[in-house]
Structures are given as C-alpha cells and as structure tokens.
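Going letter by letter, the sequence shown gives residues 1 to 359 in UniProt numbering.
Where is the CB? At the ideal position from N, CA and C, for every residue including glycine.
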Amino acid sequence: MHLLPLPDAVVALVGHHWYDAAASMLAARVASAVPGDDRALLETAGQLATAAKRVLDLDAEDFGPIAAGFQQPWAASLASARFPLEPREANRGALGSLVPLYELMLEVVQLRSARQESLQVVVTAHLIGEYLGHLAWQGTLGHAGDPARMRESTDGLWGSDDPGCPHTSAQRATAKRSLNACDGDVAGYTAYLDRFHSRLGDALSVCAMNHDTIDAGERPDVGETCPAPCEFARRRPLPERRHLDARVRLAKIYQDSRIVALRHHAPVGHFFGVPSVAEISEAWLSTWDRLTQQWPDGGNPLLAADAPRVVVPDEALPGLSALVSAVADRPIGPGHVIEDIGADVIALFDDVDERPTRV
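Right under this line is the structure:
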C-alpha cells in the first residue's frame, strides 16, 4: 500500500478539516520519530492541530487556555469568544459581546457540514439558539448579559419575588442570580454560568415583549409577555423598543423551530436516531419557512429592507447567518479562527526546505 509522505498526509487532513486525525498522526510520529525528523516542528504542528480540534468541539472552557498558548492573531479572536473563568476578569469575552462566539459557531456549522457530521451540525444549530435572546439584547444593554453589569443595566422588579413580575420561578431565579453572580467566589460564579446564564435571554425576552411596546395581535405569539414593564425596558424610544421586540420574537421562533427540536430527537451515544442529511434539510426548510413568514404588522426583521446582509457562499444551512445577523442587528457570518489554525499547520510544512522523513 502506498502511503503519502507525512507532511502531505497532514496537509491533506488539515485541508479537509480533519484536525483530530492530523493531531493523532503527528502525536504518533513524535512518539516514534525517525532519523531526519524535525521533532520541534512536528510537536508544534501537533499542538496546533490539537488546538483546532478542541475549538471545533466548541468547549468554551478550553478557549482561554488554548488562546493563552499561542501568539497568532487568531488567538485574540478565540479569547474574545470565551466565557471568563473568573468573575471579575478584565476581558469579559462572550459576556461582553457574543459576536466572536457566534462567528465561531457559524464557522463550526460550515466545517461540520464539510466533514459530513450531521449530528454535530444539529448540535451546533441548537447551541446557536441558546444565546440568541442575549444577542438580541446586546445592543440595548451594551453587553451580552454580563452579570457584572446586570445590576446597573436593570431596575424595577428584575430579580425580585414581586408577584407583579410575570417571570416564571426559573426566570426569577436566573434574574436574581444575574445580579450578584460576580460578587462572590469562583465556585458560585461557575455555578451561575453552568446552570443559569443560558436562561438569561429567556428572562430578558419577557421584558422586551411588553404591552407598552406592542399591542396584542400585531406579532406572533411566542411566549409570555410583560403587562407592566420596568423602566429599563421602556427607557429607549418606541421605534427602538419595537425593533428589540421583533428581534427577540425572531429568536424565539428559531428556538422553537424544527431544526432545534431535531437535536432533542438525536440521542447522543445510543447509536440510533442520528439525523440524516435529508432530515436536516427538511427540518431547516420548515424552519426557514416559519422564520420568513411576514407578521401582521409587517415587522419581521429578517424581511426588512434594511436588514443586515451577509453573503455566505454554499452555506450549510442557507440563511442561518442572515438570521443571526437580523437578531443581532449587525452583519455576522462564519469566522475563520479554526481555518486560520489549520493554515498555520500547513504553513509549518510549507516553510521548511527539508520535510521530515517519509513514513
């Protein structure tokens, strides 16, 4: 059997986004080096390929340590997509702005699709829905629901047990924890991130969909609304509040869509039920049809003439970037952090005159 030279094999794997396989191949070669190998180069390439694999897995807890280990420009972008590991870190990462994280998630959808990993496409599409409520509010709050700033950003009944607030018990608990999660120790802050932060957008959505902003029947009924909004939900001019309401409703339509529901019918680790490409396509078409239906008041932000436009050739889920952009009220498309890491792996082998010995 003819085997590719090690550099060519690694470049081929990385070029097709198989960073995990490239990392394994490089680790095996380092462990069993042959005369003529550049061990330092192989180790560096292996570290980069491993980093790309870990970022592709979207384990946000790893982003900080990975970024800290490299000086390349992509490392700063990756650090911006992380959730801070300590409550009072200066770099607020995804608590300050979700844009870098959404660019990364959109890139992951593209790469998982290229790898024909249908289950991971669905899992990432589900993750994209988790923080859309936060993303919708980011422009209004000036941050993405950062618990270090929620006390200054809210008022009135937010986080209280007052029966005048329409929040559910889970939403009340989330709102209350958001006010003090950064005041205590790391354990308490980590517990907030693990158990509460993803629900914050849901609580904020109730505040955005209030009766001072939208009349009954104007827009799709997507959940609980607030009959007596607090001042922080009313302080912006009415057109801005109506736009926020629209973006929140669009986010909730996506969260309740077939593509997100598909994740709950795809049991990880049980061998059965992995969605096919046809099932994903059908679910996405159904989702897109619902997302692009015009509303009674003509206020669907995805259909607005001035909606932020993003052109993504051959998008895995066509229109997904347009949806995220409409919710964020700014253009957001797939980033290139992972592909930049892969390019650095390839550049290592392109930059040497003598490649490591053939396998």
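query                                                                                                                     : result
Pairwise C-alpha distance: Trp288 and Pro220                                                                              : 15 Å
Extent of the continuous alpha helix (DSSP H) to which Trp74 belongs                                                      : 73 to 80
Reduced DSSP category for Asn91 - H, G, I as helix; E, B as strand; rest coil                                             : coil
Within 9 Å, strictly: CB atoms of Ala90 and Ala76                                                                         : no
Ranges of the alpha helix (DSSP H) found wholly within the stretch 291 to 331, counting only runs of at least 4           : 320 to 328
Residue 373 vs Gly201 beta-carbon contact at 9 Å                                                                          : Residue 373 cannot be examined here, being either before or after the span of the chain that is shown, 1 to 359.
Residue burial classification, Val186 (beta-carbon count within 10 angstroms, cutoff 16)                                  : exposed
Cβ-Cβ distance between Leu132 and Gly335 below 9 Å                                                                        : no
Bounding residues of the alpha helix (DSSP H) (the contiguous stretch that carries Cys207)                                : 200 to 208
Span separating the alpha-carbon of Gln71 from that of Asp329                                                             : 32 Å
Range of the contiguous alpha helix (DSSP H) that encloses Ser32                                                          : Where Ser32 is concerned, there is no enclosing alpha helix (DSSP H), given that its DSSP letter is neither H nor E.
Cut-off 8 Å between Cβ atoms - residues of its own chain near Arg39, not counting five sequence neighbours on either side : Val30, Ala33
Boundaries of the alpha helix (DSSP H) in which Val186 is found, first to last residue                                    : 186 to 195
Of the listed residues Ile280, Asp194, Cys226, Ala307, nearest to Ala208 (C-alpha basis)                                  : Cys226
Unbroken alpha helix (DSSP H) run spanning Arg247, endpoints                                                              : 238 to 255
Ala343 to Cys165 span [Cα, whole Å]                                                                                       : 52 Å
Buried versus exposed, by CB contacts within 10 Å (16 or more), Ala23                                                     : buried
Nearest-angstrom Cα separation, counted from Tyr192 out to Gly298                                                         : 38 Å
Contact between the stretch 118 to 128 and the stretch 272 to 286 (3+ Cβ pairs under 8 Å)                                 : yes
Among Glu224, Pro229, Ile214, Val260, nearest to Asp245 - alpha-carbon criterion                                          : Ile214
Separation of Pro7 from Glu117, as counted between CA atoms                                                               : 25 Å
Completely contained beta strand (DSSP E) runs for the stretch 133 to 191, where each covers 3 or more residues           : none
Spatial distance of Tyr189 from Lys53 (CA atoms)                                                                          : 27 Å
Straight-line gap, Leu302 to Ser169 (C-alpha atoms, nearest Å)                                                            : 32 Å
Nearest-angstrom Cα separation, counted from Asp161 out to Val324                                                         : 33 Å
Member of Gly217, Ser205, Asp183, Ala173 whose CA lies at the smallest distance from the CA of Phe196                     : Ala173
Residues bridged to Cys226 (per DSSP)                                                                                     : Asn210
DSSP three-state assignment for Tyr131, whether helix, strand or coil                                                     : coil
Exposure label - Val311; buried when at least 16 CB within 10 Å                                                           : exposed
Pro275, buried or exposed, once every other Cβ within 10 Å from all chains shown has been counted against 16              : buried
Close Cβ partners of Gly64 (< 7 Å) along its chain, the five nearest in sequence each way excluded                        : Ala79, Arg82, Leu85
Reduced DSSP secondary structure (H/G/I, E/B, other) of His336                                                            : coil
Backbone secondary structure at Asp215 - three-state DSSP                                                                 : coil
Where Leu119 falls: helix, strand or coil (DSSP)                                                                          : helix
Boundaries (first-last residue) of the alpha helix (DSSP H) holding Ala12                                                 : 6 to 15
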